[in-house]
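Just so you know, we're using my numbering here: the sequence shown kicks off at 1 and counts up by one. Where a beta carbon is used, it is the ideal one built from N, C-alpha and C, also for glycine. So the structure is just underneath, and the comments pick up after that.
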Amino acid sequence: MCMMDSECAEGSYCAAGVCTPRLPPGGACTINNACASGFCADGVCCDQACNGQCEACDVADDAGACTAVTGPPRNGRATCATDGSACGGAC
Numbered sequence: 001m002c003m004m005d006s007e008c009a010e011g012s013y014c015a016a017g018v019c020t021p022r023l024p025p026g027g028a029c030t031i032n033n034a035c036a037s038g039f040c041a042d043g044v045c046c047d048q049a050c051n052g053q054c055e056a057c058d059v060a061d062d063a064g065a066c067t068a069v070t071g072p073p074r075n076g077r078a079t080c081a082t083d084g085s086a087c088g089g090a091c
């Protein structure tokens with residue numbers, strides 16, 4: 001039983017009162033503490049913060065690695081400002 005992460009062994013965190021092993025990149029998460037890397041992005045543990053408009057961490061076949069993406073920004077990120085070019089508003 002635990003109340004804080006500091007009460008758990010190294011490599012674990014306190015989740016709902018129970019010490020739980022931190023997840024590797026690609027593991028499903030909702031909070032940064034759940035990840036060994038310390039970064040939960042796009043619903044998976046990621047190798048870095050991965051919060052730029054044209055990047056995502058939940059790309060198929062590469063989940064857990066922050067990857068450049070094309071098209072509209074993903075997962076609620078703000079739409080890119082258009083400069084009037086053919087690619088305006090997209091990555």
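Checklist entry - What are the boundary residues of the beta strand (DSSP E) that includes Pro21? => result Val18 to Pro21
Measuring straight from C-alpha to C-alpha, what distance separates Ala16 and Ala9? Distance between the alpha carbons of Ala16 and Ala9: 16 Å.
Closest residue to Gly52 among Val44, Thr67, Ala60 and Gly26 (Cα-Cα distance)
Thr67
Out of curiosity, what's the CA-to-CA distance linking Val69 and Arg22? 27 Å
**Prompt:** If you follow the beta strand (DSSP E) that Cys14 is part of, which residue opens it and which one closes it?
**Reply:** Ser12 to Ala15
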